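Trainee: Take this structure first; my questions come after.
Protein chains in written order, with the working numbering: chain A, -2 to 280; chain B, -2 to 280.
Spelled out as structure tokens, the structure:
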């Protein structure tokens, strides 16, 4: 079957969550080199473990592109002190993204504070938090990528749940559709089901700062840790890739698979080998 | 805390899924009588077990209102014969709803056929199926209630995932906003997260044919069978109830809790007692 759009997807990037149980960040960098993967997207826990300066030097020497830093966000809190602490942590995340020359800082915005049922209030706190963070990130040259998360995470991880909702925030806080200081991370896992997907990708245009791939398994056995390898699920990944490319996205395809019962239990070199194969055959 | 809207919710209805492991339909009917519950919404498997005529007589003698029949739908199939078989089964569901004098037939529309990644195609099949079913249901006096299901069910249970999407189908197939032959079932579990919820409830108006309650637990341990009792989760149920009442909904609150590890393991009379309490205190 002919895949739509460009014959070949953008280059592959490894989100370190994909082998988080098996490898340190240093091992991820070396693994990328062994497997011909030219991009990497570290999580901040792995980065802290290695040290930002060490990691930045190693990644630079390896010649890898940092397609994103995971993650900032988690803005809502029960009180002003909590929100201030969250914001301060986000400032540090911006500093780290700058040190790594990351293409963006990915924002998983957070859900409702414990005990709250006020999702509209949480959404307001998120927008306020992003507004304050943008003032810090823009002069630092760090782009912010709001990642809408699947609605099943609305309560506890991210109350921004559609591309349309993320773009509403971009429209409210950014300087129009050409301002890429604030944009979105489009992860097929979170957005594939959205009946408004095609329209919202068009609306996003150049504000798509990252494109993440994995797959939706049927059945899905765990809300958080049962993501599938590209090709093993039901998402028409090439169709979505063609849509983001049609509005100008020409960056990496970042693979991010959280899979406690399958891929996290395998040899990490095998995982990367399959990622490379599937990136070529089904993305 | 003062609940918004009317002080008292509409009367309680028992969806038989709530005690499906413990009770037959006959036991559900008797249980409703014991607990002062005046509405019931049977699933078709329980109905088939009892026999439609027996069930209809028992429910009538008990003086219960049938707030819905669960369920029609499951329209998409791999080929025309499969779609025809699905439609024929839906015709039988309409017949049963008519025999029970049900306020609506709830439609869980179905996901993608096995092996398919074409969600747009599945959505097209759903709309075609509902169009054909409406021609059968309208003269029979049976209202069809499209139930948008949470996006985590998009692949395998229902590819209609928002109220807005369900209303697009109503607009396409019905005779305007006053035509209640085709409407929606609003279940807080499926729609609470939607940033467009308030706007879409307004748009729905009188086409809200059923209002279902339960709660979203944090954490949710199973995609299908870990629904919470009203008040045990994070959904602001009174706020959503106030919104549906504001557009004219004055029917029952139907409780539908699928809970394999908690409520299905308890004594069914205890479950109904808690439903009645929570209906009064937190809905």
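Ideal Cβ positions, reconstructed from N, Cα and C, are used throughout, including at glycine. Keep in mind it's a predicted model, so treat the numbers as computed, not measured.
Does DSSP classify residue 168/B as helix, strand or coil?
Mentor: The answer is helix: DSSP assigns residue 168/B an H, G or I state.
Trainee: From the beta carbon of residue 162/B, is the nearest beta carbon of chain A less than 7 Å away?
Mentor: Yes, residue 162/B lies at the interface with chain A (some Cβ there is under 7 Å from its Cβ).
Trainee: Out of curiosity, what's the CA-to-CA distance linking residue 25/B and residue 246/A?
Mentor: Near 56 Å, if we compare the C-alpha coordinates of residue 246/A and residue 25/B.
Trainee: Where does the unbroken beta strand (DSSP E) through residue 209/A begin, and where does it stop?
Mentor: 205 to 210 is the extent of the beta strand (DSSP E) around residue 209/A.
Trainee: Alpha helix (DSSP H) containing residue 89/A: first to last residue?
Mentor: Start and end: 77 to 97.
Trainee: Indicate whether the contact test is met: 3 or more Cβ pairs, each with one atom in the stretch 45 to 55 of chain B and one in the stretch 74 to 85 of chain B, closer than 8 Å.
Mentor: At 8 Å Cβ cutoff, the stretches do not touch.
Trainee: Based on Cα-Cα distance, which residue from 180/A, 63/A, 278/A, 273/A lies nearest to residue 167/A?
Mentor: Comparing Cα-Cα distances from residue 167/A to each of 180/A, 63/A, 278/A, 273/A, the minimum goes to 180/A.
Trainee: Helix, strand or coil, according to DSSP, for residue 9/A in the structure here?
Mentor: Residue 9/A falls in the strand class under three-state DSSP.
Trainee: What are the residues that DSSP puts in a beta bridge with residue 37/A?
Mentor: Paired residues: 11/A, 63/A.
Trainee: Which class does residue 258/B belong to by DSSP, given the choice of helix, strand or coil?
Mentor: Coil, per DSSP.
Trainee: Nearest to residue 27/A by CA position, among 128/A, 11/A, 40/A, is which residue?
Mentor: Per the Cα distances, 11/A.
Trainee: Just how far apart, CA to CA, sit residue 160/A and residue 234/B?
Mentor: Distance between the alpha carbons of residue 160/A and residue 234/B is about 26 Å.
Trainee: Between residue 187/A and residue 146/A, what straight-line distance do the alpha-carbon atoms span, to the nearest angstrom?
Mentor: Rounded to the nearest angstrom, the two C-alpha atoms are 5 Å apart.
Trainee: Excluding the 5 residues flanking residue 6/A on each side, which residues of the same chain have their C-beta closer than 7 Å to its C-beta?
Mentor: Contacts found: 238, 250, 276, 280.
Trainee: Do residue 158/A and residue 190/B come within 7 Å of each other at the CB atom, strictly closer than that value?
Mentor: Yes, they are a contact pair.
Trainee: So which residues of chain A does residue 231/B contact, with C-beta pairs closer than 7 Å?
Mentor: What residue 231/B touches in chain A: 109, 114, 152.
Trainee: Counting beta carbon pairs with one atom in the stretch 254 to 273 of chain A and one in the stretch 193 to 210 of chain B, are three or more of them shorter than 8 Å?
Mentor: Flag = no, the stretch 193 to 210 of chain B and the stretch 254 to 273 of chain A do not touch.
Trainee: Can you have a look at residue -1/B and say buried or exposed, based on whether 16 or more other CB atoms are within 10 angstroms of its CB?
Mentor: Note that residue -1/B has pLDDT 47, beneath the 50 cutoff, so the model's placement of it is unreliable and no number is given.
Trainee: Output the distance between the C-alpha atoms of residue 216/B and residue 123/B, rounded to the nearest integer angstrom.
Mentor: The straight-line gap from Cα to Cα measures roughly 32 Å.
Trainee: Where residue 38/B and residue 56/B are concerned, what is the direct C-alpha to C-alpha distance, given to the nearest angstrom?
Mentor: Using only the alpha carbons, I get a separation of about 10 Å.
Trainee: Where does residue 203/B land, buried or exposed, given buried means 16+ other C-beta within 10 angstroms?
Mentor: Label assigned to residue 203/B: exposed.
Trainee: Give the interface partners of residue 220/B over in chain A, defined as CB-CB distance under 9 Å, in chain order.
Mentor: Under the 9 Å cutoff, chain A gives 149, 216, 217, 218, 219, 220.
Trainee: So residue 180/B is in the beta strand (DSSP E); what residue range does that whole segment cover?
Mentor: 179 to 184 is the extent of the beta strand (DSSP E) around residue 180/B.
Trainee: In its own chain, which residues sit with a C-beta less than 6 Å from the C-beta of residue 68/B, not counting the 5 before and 5 after it?
Mentor: Excluding sequence neighbours, residue 68/B sits near 103, 105.
Trainee: Starting from the beta carbon of residue 158/B, find every residue of chain A whose beta carbon is closer than 9 Å, and list them in chain order.
Mentor: Here the neighbours are 148, 190, 191, 192.
Trainee: Using a Cβ-Cβ cutoff of less than 6 Å, which residues in the same chain neighbour residue 114/A once the five nearest sequence positions on both sides are dropped?
Mentor: Result list for residue 114/A: empty, nothing under 6 Å.
Trainee: List the residues that DSSP assigns as beta-bridge partners of residue 24/B.
Mentor: DSSP lists no partner for residue 24/B.
Trainee: Give me the residue from 192/B, 182/B, 241/B, 127/B with the minimum Cα distance to residue 85/B.
Mentor: With distances taken between Cα atoms, residue 85/B lies closest to 127/B.
Trainee: Have a look at residue 231/A and residue 150/B and give me their C-alpha separation to the nearest angstrom.
Mentor: Those two C-alpha atoms are separated by around 12 Å.
Trainee: Please list, in chain order, the chain A residues whose beta carbon lies closer than 7 Å to that of residue 213/B.
Mentor: Those within 7 Å of residue 213/B in chain A are 152.
Trainee: Residue 40/B and residue 13/B look like a contact to me (Cβ under 8 Å); what is the Cβ gap, rounded to whole Å?
Mentor: That belief holds up - the Cβ atoms of residue 40/B and residue 13/B are roughly 5 Å apart, short of 8 Å.
Trainee: With distances taken from CA atoms, which of 244/B, 52/B, 20/B is nearest residue 199/B?
Mentor: The residue with the shortest Cα to Cα distance from residue 199/B is 244/B.
Trainee: Can you tell me whether DSSP reads residue 143/B as helix, strand or coil?
Mentor: Residue 143/B: strand per DSSP, three-state reduction.
Trainee: Going by DSSP, what residue range makes up the beta strand (DSSP E) through residue 221/A?
Mentor: Premise fails: residue 221/A is in no beta strand (DSSP E) and is neither H nor E.
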